[in-house]
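Scroll down for the structure; my scribbles are underneath it.
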Amino acid sequence: LVNQNKDERGEGFELRTDDWGAIAANRGLYITTQTQPKAQGKQLDMQAAIAQIENALSIAKALQNAATQSEAHSADTDSQDQLKANLTQLTQSGLLAYAQEGMALTSPENIQLSTANSLTLTSENQTDINALKNITLSSAEAIGLFAQKSGMKLFANQGDIEVQAQNANLNMAAKQDIKMDSVDGKVTITAKDNLTLICGGSYIKISSEGIELGTQDNIYLKCNVFQKMGMADMNIDDLSLPDIIGDYAVKFICKDESGKIYANERYIATLPNGKKVQGQTDKNGYTQAFHSVDENEIITLELISR
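So in my numbering, spot 236 of the sequence shown is number 1036, and the numbers just go up one at a time.
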């Protein structure tokens, strides 16, 4: 490669333009750094790439099985099976990229990964997510965390750690010991209705009606002085949790009066707040899911090509 002055710029090829560029392949696109010497072999020889996908799938299924046995949320491996089938020899219009010595996608601005179905990240060694500011993880339904061998650690060097089940129960269990320490402060446990401690059948029950102690054996009080005094109570600040937020989702299926499905059709959806969202129906004619806080909100849909 040379410039306009015939100065050497490099070797190989460069695809460039000062205007717009596009690479399009209707039946699928395979990008790889693994070449065929002297153009030997098949054009779509993607054994190494497919082997990598199969390896990732086997890892996901092994962890899925372990998570299921532990009654944790498990991964969606069906979508990964379907993706492998679609990309093998590009039987469907997909894009497969493979690089033997690694791959990097970088930008000084924003990068977005988005899908109307499933997004899967799999590594055979370690997966790291780093941010100099905030990391936000949100799910409209459930979040599952599962560690098979070496446990979990949740540390905050500065600031509080808050855990809330805002409209349900908070359950904690351990097969062995449970330990709670306040190194330089105090431990306060409160309950609106009652607080019960049970061990070996003996119990202490605390409520607004009093304190009840029960046992089948002896009660020992070991102290220097035991004093009976007048009545007393202690008020606590009520903890207010957010009310439940309505979770309604709707998908449209686009078809004509005869029942013909409008697959892969572009559309514009107008949301209740007036915002317009563009999208494309899937192969079954379904739009993306639209979420709202009110089941009576109206969403209108218009097919662009109709």
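For each residue, glycine too, the CB sits at the ideal point set by N, CA and C.
Here's a check: name, in chain order, each residue in its chain whose Cβ is nearer than 7 Å to the Cβ of residue i, leaving out the five neighbours to either side.
i: A866; result: Q948
i: E811; result: L801
i: Q834; result: A848, Y898, Q900
i: M980; result: V987
i: L844; result: Y830, Q889, L890
i: L1013; result: I1004, I1019
i: E1102; result: Y1067, I1068
Over what stretch of residues does the beta strand (DSSP E) that includes residue i continue unbroken?
i: A1049; result: 1048-1050
i: L883; result: L883 -> not in any beta strand (DSSP E); alpha helix (DSSP H) instead, spanning 878-887.
i: K838; result: No beta strand (DSSP E) contains K838, which DSSP labels as neither H nor E.
i: K1076; result: 1076-1080
i: H1091; result: 1090-1092
i: A1069; result: 1066-1070
Can you tell which of the options has the C-alpha that lies nearest to the C-alpha of residue i?
i: S918; options: T877, V987, D984, D960; result: T877
i: E941; options: Y1048, T868, R1066; result: Y1048
i: A991; options: L913, S1007, D928; result: S1007
i: T888; options: F946, Q847, I831, Q926; result: Q847
i: A862; options: D819, G1030, S923; result: S923
i: G902; options: Q852, D984, G951; result: Q852
i: I1011; options: A1032, E871, F1026, L1101; result: A1032
i: A856; options: G951, K1028, T920, K838; result: T920
i: Y1020; options: S1002, D984, G944; result: S1002
i: D1017; options: D1038, C999, E1009, C1023; result: C999
i: N886; options: Y830, I989, S950; result: Y830
i: N967; options: A973, I989, L1041, Q976; result: L1041
i: S858; options: H873, Q880, A839; result: Q880
i: H873; options: I943, Q892, D819; result: I943
i: L995; options: I929, E1009, D984; result: E1009
i: Q892; options: A825, G1059, I989; result: A825
i: I1104; options: K1076, V1093, S1092; result: K1076
i: L1039; options: G1030, I989, V1025; result: I989
i: I1107; options: Q836, N805, T832; result: Beyond the ends of the chain as shown, which are 801 and 1106, falls residue 1107; an answer cannot be given.
What residue range does the alpha helix (DSSP H) around residue i cover?
i: E854; result: 847-869
i: S1007; result: First-last for S1007: 1002-1007, but that is the beta strand (DSSP E), not the alpha helix (DSSP H).
If the criterion is Cβ atoms closer than 9 Å, does the pair residue i and residue j meet it?
i: G1085; j: R1066; result: no
i: F1090; j: K1055; result: no
i: L890; j: R827; result: yes
i: K1083; j: A1063; result: yes
i: I870; j: F813; result: According to the sequence displayed, residue 870 carries Ser and not Ile. Contact: no.
i: I1098; j: P1072; result: yes
i: T1100; j: I1053; result: no
Quick one: residues in its chain with C-beta nearer than 8 Å to the C-beta of residue i, no 5 flanking neighbours on either side, listed in chain order?
i: V963; result: L970
i: T936; result: none
i: R816; result: none
i: P908; result: none
i: I911; result: L905
i: M952; result: L945
i: E808; result: L801, V802
Starting from the C-beta of residue i, find all residues in its chain whose C-beta is less than 6 Å away, skip the five residues before and the five after it, and write them out in chain order.
i: E1095; result: Y1048
i: A875; result: A860, Q864
i: I1061; result: K1055, G1085
i: N957; result: none
i: M1034; result: none
i: L895; result: L829
Which residues does DSSP pair with residue i in a beta bridge?
i: A897; result: I831
i: L1103; result: Y1067
i: V802; result: E808
i: A1055; result: As written in the sequence, residue 1055 is Lys, which differs from the Ala given in the question. Its beta-bridge partners are I1061.
i: G1014; result: Y1003
i: N994; result: S1007
i: Y1086; result: I1053
Report whether the distance from the Cβ of residue i to the nearest heavy atom of the ligand GTP is below 8 Å.
i: T996; result: No copy of the ligand GTP appears in this structure; indeed no ligand is present at all.
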